[in-house]
Amino acid sequence: NAGVTQTPKFQVLKTGQSMTLQCAQDMNHNSMYWYRQDPGMGLRLIYYSASEGTTDKGEVPNGYNVSRLNKREFSLRLESAAPSQTSVYFCASRFGQLYEQYFGPGTRLTVT
Amino acid sequence: DQQVKQNSPSLSVQEGRISILNCDYTNSMFDYFLWYKKYPAEGPTFLISISSIKDKNEDGRFTVFLNKSAKHLSLHIVPSQPGDSAVYFCALSTGNQFYFGTGTSLTVIP
Numbered sequence: 163n164a165g166v167t168q169t170p171k172f173q174v175l176k177t178g179q180s181m182t183l184q185c186a187q188d189m190n191h192n193s194m195y196w197y198r199q200d201p202g203m204g205l206r207l208i209y210y211s212a213s214e215g216t217t218d219k220g221e222v223p224n225g226y227n228v229s230r231l232n233k234r235e236f237s238l239r240l241e242s243a244a245p246s247q248t249s250v251y252f253c254a255s256r257f258g259q260l261y262e263q264y265f266g267p268g269t270r271l272t273v274t
Numbered sequence: 004d005q006q007v008k009q010n011s012p013s014l015s016v017q018e019g020r021i022s023i024l025n026c027d028y029t030n031s032m033f034d035y036f037l038w039y040k041k042y043p044a045e046g047p048t049f050l051i052s053i054s055s056i057k058d059k060n061e062d063g064r065f066t067v068f069l070n071k072s073a074k075h076l077s078l079h080i081v082p083s084q085p086g087d088s089a090v091y092f093c094a095l096s097t098g099n100q101f102y103f104g105t106g107t108s109l110t111v112i113p
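So the protein lines, in turn, are chains A and B. Offset between the first sequence (1-based) and the numbering used here: plus 162. Offset between the second sequence (1-based) and the numbering used here: plus 3.
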């Protein structure tokens, strides 16, 4: 079991460029999440998907879009990157009504 | 407005002593409370949790306490070990949403 995998691990973008962060889990989990971690701010929820076919906004959704491609995959898209989106992005998943989440290793994104 | 606060950014403790990490929240809507541990360049990993209907949960060296009237959550690690050195996040749940604290960096000195 690979758990939760994220690609890429690192990315540098110029302002205005677009990119998609990929996340996949092989644990048959229903719910998937995207967070960003910034210094002094902890982890903040961007979007989540409670089940295949549904997505909902979290605390900080502006500037992002998501796609729940199937039960395994949940992608995060930046259409026009801004320096304020420089952050470490974590994907997570959880099973059913259990509360603990399993996190991927993160993607470090820098927007110049 | 930050709904979950960890007011101590860092904490240093001698090996073998107790580590106490604290977390305060402002909203009574949260129904489940968790602690995660994070090493550099890795994702957070789940440590221990507690339901809002309980006030204490223990798992080996780790104990979580919940004081709902004070809106306060704490994690006790005893005895502390050097391998416990990491950043600890509290996380509070309401429905499908989770709110994380800002983290406390724990250093256990051998």
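Glycine included, each C-beta is placed from N, C-alpha and C at the ideal position.
Interface flag for TYR35(B) against chain A is set, since a Cβ pair is found closer than 8 Å. Just measuring C-alpha positions, the residue of SER242(A), PRO170(A) and ASN163(A) sitting nearest VAL250(A) is PRO170(A). Each residue's CA atom was taken as its position, placing TYR39(B) and GLN263(A) some 9 Å apart. In terms of Cβ geometry, VAL7(B) and TYR102(B) form a close pair [threshold 8 Å]. Scanning its chain for C-beta atoms nearer than 7 Å, with the 5 sequence neighbours on each side dropped, one finds around ASN30(B) the residues GLN6, in chain order. Within 10 angstroms of the beta-carbon of GLY266(A) lie 16 or more other beta-carbons, which makes it buried. Residue range 75-80 is occupied by the beta strand (DSSP E) that includes HIS79(B). If you draw a straight line from the Cα of TYR226(A) to the Cα of PHE36(B), it comes to about 27 Å. Using a CB distance cut-off of 8 Å, SER246(A) does not count as an interface residue toward chain B. Cα atoms of SER246(A) and ASN70(B): separation of roughly 36 Å, rounded to the nearest angstrom.
Taking 3 residues as the shortest admissible run, the region 13-51 of chain B contains the following complete beta strand (DSSP E) segments, listed from N- to C-terminal end: 13-17, 22-28 and 35-41. Per DSSP, ARG64(B) is not a residue of any beta strand (DSSP E), being assigned neither H nor E. Just measuring C-alpha positions, the residue of LEU260(A), TYR261(A), ASN224(A) and PHE236(A) sitting nearest CYS185(A) is PHE236(A). In terms of beta-carbon proximity, SER31(B) stays away from the interface with chain A, with every pair separated by 8 Å or more. Beta-bridge partners assigned by DSSP to LYS59(B): PHE68(B).
For the C-beta of SER52(B), the chain A residues within less than 8 Å are, from N- to C-terminus, TYR261 and GLU262.
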